Each structure stands twice: as C-alpha cells, then as structure tokens.
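Everything in the sequence shown is counted per this note's numbering, starting at 8 for the first residue and increasing by one.
Note that CB positions come from ideal geometry on N, CA and C, so glycine has one too.
All values reported here derive from a predicted model rather than from experimental measurement.
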Amino acid sequence: MQYQNTISNLIFSSCLIITIIAFTSLIFPAFLIEMSNDLIKKEVNIFELGGWALPLIISNAIFLTLYFFYRKNKLTIFKKQINFINKNDISKRISSIIILILIVIYIIFSIDEFQREEFEFGDYAGVEKAAKDYNFEASKIFSSHIKYLFLNISYVLFDNLRILPFLASISLLLVTYFLTLEITKKRFAAIISFTVLLQSNLFLLFDTTSTYENSWTLFYFISLYLIFKKPIGSHIAFILSIMSKALVITLLPINLFAISINGISKRNKIFLLVGYCVLISLILIAIATNNLAHSEKMDFDINRFIESMNEFGNSMRYESLILVMFIPTLLLLKSKTKLIRDKINFIFIAISFAIISQPIMNVVIDMTLQPYRFIPLIVFSAISIGMIFSKTNTLDQQ
Numbered sequence: 008m009q010y011q012n013t014i015s016n017l018i019f020s021s022c023l024i025i026t027i028i029a030f031t032s033l034i035f036p037a038f039l040i041e042m043s044n045d046l047i048k049k050e051v052n053i054f055e056l057g058g059w060a061l062p063l064i065i066s067n068a069i070f071l072t073l074y075f076f077y078r079k080n081k082l083t084i085f086k087k088q089i090n091f092i093n094k095n096d097i098s099k100r101i102s103s104i105i106i107l108i109l110i111v112i113y114i115i116f117s118i119d120e121f122q123r124e125e126f127e128f129g130d131y132a133g134v135e136k137a138a139k140d141y142n143f144e145a146s147k148i149f150s151s152h153i154k155y156l157f158l159n160i161s162y163v164l165f166d167n168l169r170i171l172p173f174l175a176s177i178s179l180l181l182v183t184y185f186l187t188l189e190i191t192k193k194r195f196a197a198i199i200s201f202t203v204l205l206q207s208n209l210f211l212l213f214d215t216t217s218t219y220e221n222s223w224t225l226f227y228f229i230s231l232y233l234i235f236k237k238p239i240g241s242h243i244a245f246i247l248s249i250m251s252k253a254l255v256i257t258l259l260p261i262n263l264f265a266i267s268i269n270g271i272s273k274r275n276k277i278f279l280l281v282g283y284c285v286l287i288s289l290i291l292i293a294i295a296t297n298n299l300a301h302s303e304k305m306d307f308d309i310n311r312f313i314e315s316m317n318e319f320g321n322s323m324r325y326e327s328l329i330l331v332m333f334i335p336t337l338l339l340l341k342s343k344t345k346l347i348r349d350k351i352n353f354i355f356i357a358i359s360f361a362i363i364s365q366p367i368m369n370v371v372i373d374m375t376l377q378p379y380r381f382i383p384l385i386v387f388s389a390i391s392i393g394m395i396f397s398k399t400n401t402l403d404q405q
C-alpha cells in the first residue's frame, strides 16, 4: 500500500511539475525562450508578465481559498449541492437527448464552413493536391496514409475535402463521451467532458479543416477506449492513428499504462502487450531505415526541448475554461479516494505526455510546432474535468 501511494505521489508530482513549466509560458512568455539560449539578452525582461498572468493567479487563488474553507466545513450550502451531484447521475435517455441536441446545434453552426476554402492555412494547397492524387506506398508505412485516404474518399464521394474530417470531429466528441463514461461510470461526468471539448477554441478551429483534420486523434482515442472497454483491437486502432500522424508514437506510454491498470484477464493483457511490442519493433525498424518522416534529422538538443515547451502558451492562450480549470482540476483529482487511484494516475500520465509530445518530437527530429497537435491535450483536459464529478470523492466524506 505504501508503495502504491509513493508511485501515485510520484506520478502526480511529475504531472504538476510539467504543468508548471508549461504554464510558465503563459505567465512569463519570455522566460523559456531565453532559458533555451546560451546567452540571455540583457534588454529582455524574462519575468515580464504575460496577458494570462493575472487571470491565472487570481483564479487559482480564489480556488485555493474556497477549497480551504470547504475542507474546514465553512461552505455547507455548496457542500450539499456538490455531494448531491457526485452521488447521483442522470438517466441514459436524458444523456442521449442532451448529446443529440448538442450535436445538432454544433452541426447547424458549422455547416457554413463547408462552403469556404481553407486559404487561411498555408499548407492547404499541398494537402489538397496530395489528397486528390493519393496513392498508397507501402514503403512509407508511417506517412499520413489514413489522413490522405480519408480526404480522398471525402473528395470522391462529396466533392468536398471537409466532410469526412467533420465527421471525424463529431466522432471524437462521441468517443470522448464514451471514454469518460467508461472511466467514471457516470453519464453526467461524460456530458461535462463532451461539452468542455465542444467549446474548445482549438477543437472548433480545426474541426472542419482538411489541412489539420482529426482522424489521427480519433483513432488514438478509439485505441484508449478499446483498452478500457474491449481491449481486442486496441493496437490496430493505434497503428491507424500512427498512419495518420507519426506524433502519436510519443503517446504510446499512455496506452501501456492503461493496459497495466485495466482489470482484464492476464491472457488479454499479454495479447495486448505483445501487439504493442510488435508495434514498437516496427517503429524502431522504421526509424532505423529512415522510413519515419524527418528521421534523417534525428538528434538531441535540450535547449530545443525547453524552447518547444513555450509553444504551450502560444497554442493554448485562447482556451480560457481549460486554462482556468487546469491546476484546480489536478488538485481536485488528487483528492479522490483510493478506489479510483489507478484512473487518476492514468489521467495524470496522459496529461503529462500530451504536454511534452511535441517537445519530444522536436528534440528527436526537429519537427515544427503546430497548435492542432494539442488536440489530444484538450481531450484529456476535458476528460479530467469530467472526472471531478465521479462518485468516489474524499470531499464527500469530509
């Protein structure tokens, strides 16, 4: 038991440290950039506050104050309401109606986007040509085959590259709902996660684009859902996600941890682990033979890693709800009871690797940094917020 507590504390501490480093780019925008340089420019104030500094400091101070009084039983009115939400759930019928209404509203407000070209994205012309002229090349197994296959099908069937990417985004919303439901066993929590993702600025920016579509994220979260629901086939979905975007390789530890905590039979665990081991072997072979995109640029540069962490602030600066809730959510989840410790550890690990996935790839292969690659972090953040409303909370027992 003491060993498990130590592991949980280590996982939480690592997640909190990574989060603090990432949030530094919001509070002190110049700090990480200057720290990644050999010489700090004297004219640059590395402690100059960014636009998010005061909102984050104030919101977290308010949360910590309320949390302190809550633990001291000074907010009994709120405590009863919170306990009621934590202990009760909504029916399957009501949750289905809510989800259906949200999707219909989402479609109505998104439909006009299909009539516009994607000239705002500089890579659109190349993506459009590659999609329309798509041909599978087995020698480039880790190229974005699934992405261009989807776009090609969308173009052939609908004469519009955006249709299937939009359907993939809707599917990602639904997978987020069902994954949260599988983790928390609570529909209300799943609806919260669904709604948080739906309101995300990054999600809505890239939800109907063909240039930066969501098929890779969709297949990745299908692989996680299958681990928790029906493990057979998880590694296949993971392979499909890699064939959509090679960045998914950095998220592999999340899947392996999910397998380790899943209450499935040893036979299924072995089958899954063997499948992922084969996958890892293929990845290593691909790297060794330069089949992985940009692998000829592989090297290690810690300064580039530090600089890459600054992209968190650049990409996430419009995610108001998630940023304000981020650290409070981590602290609230840490207060969960031992009954769901493994699930809490899972989300801490998931958030950690989602934050550092781009910096890792940038260090290894000098990959460009792009905001759309934070969509997995948005999804994990949405799930974590939903997990606050799971039933087993120590706050219920104070």
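Considering F75, what are the terminal residues of the alpha helix (DSSP H) in which it resides?
A60 to R78
Check K343 in the structure and name its three-state DSSP category.
strand
| Taking Cβ positions, are P335 and N80 nearer each other than 9 Å? | no
**Message:** Using a Cβ-Cβ cutoff of less than 7 Å, which residues in the same chain neighbour N208 once the five nearest sequence positions on both sides are dropped?
**Reply:** Y325 and E326
**OP:** Put T216 into one of helix, strand or coil per three-state DSSP.
**Re:** coil
Does DSSP put T378 in a helix, in a strand, or in coil?
For the sequence presented, residue 378 should be read as Pro rather than Thr. Correct three-state label for P378: helix.
Can you name the start and end residues of the alpha helix (DSSP H) that N310 belongs to?
I309 to M316
Among N369, D349 and F333, which residue has its Cα nearest to the Cα of I64? F333
inquiry  = Does Q122 come out as helix, strand or coil in the three-state DSSP assignment?
reply    = helix
field: Residues near I351 by beta carbon distance below 6 Å, same chain, minus five either side
entry: L340 and K343
query: I329: which of T26, S15 and Y10 sits nearest, CA to CA?
result: T26
query = Quick one: Cα of N297 to Cα of V371, how far?
reply = With a pLDDT of 49 at N297, under the threshold of 50, the modelled position of this residue cannot be trusted, and the question is left open.
Q) Between T218 and E125, what straight-line distance do the alpha-carbon atoms span, to the nearest angstrom? A) 8 Å
| message | Taking 6 Å as the limit between beta carbons, can you name the residues of its chain near L107, skipping five residues before and five after? | response | none
### Inter-residue spacing [alpha-carbon to alpha-carbon] between I190 and F201
14 Å
Hey, could you find the ends of the alpha helix (DSSP H) G133 is sitting in? Y131 to K139
Once the 5 residues before and after M42 are set aside, which same chain residues still bring their CB inside 7 Å of it? I313
- Query: So R348 is in the alpha helix (DSSP H); what residue range does that whole segment cover?
  - Reply: R348 to I372
Report the three-state DSSP secondary structure of Y227 (helix, strand or coil).
helix
* From V203 to F70, what does the alpha carbon distance come to, in whole angstroms? -> 19 Å
Nearest CA to the CA of D166: which residue from K154, A175 and A138? A138
Run of the alpha helix (DSSP H) containing M42, from where it starts to where it stops
F38 to M42
message: Given this structure, state the Cα-to-Cα distance separating T257 from K87, to the nearest angstrom.
response: 42 Å
Practice task
Please state whether DSSP places K81 in a helix, a strand or coil.
Solution key: coil
Original post:
For S151, which of helix, strand or coil comes out of DSSP?
Top reply: coil
Residue range of the alpha helix (DSSP H) that L23 falls in?
-> Q9 to I34
Exercise. Curious, which full-length alpha helix (DSSP H) runs of at least 4 residues does the region 222–273 contain?
Worked result: 222–235, 241–249 and 259–268
Checklist entry - What are the boundary residues of the alpha helix (DSSP H) that includes V51? => result Run containing V51: none; DSSP gives neither H nor E here.
### Query
Apart from the five residues just before and just after T215, which ones in its own chain have a Cβ nearer than 8 Å to its Cβ?
S117, E120, F121, R169, P172, F173 and S176
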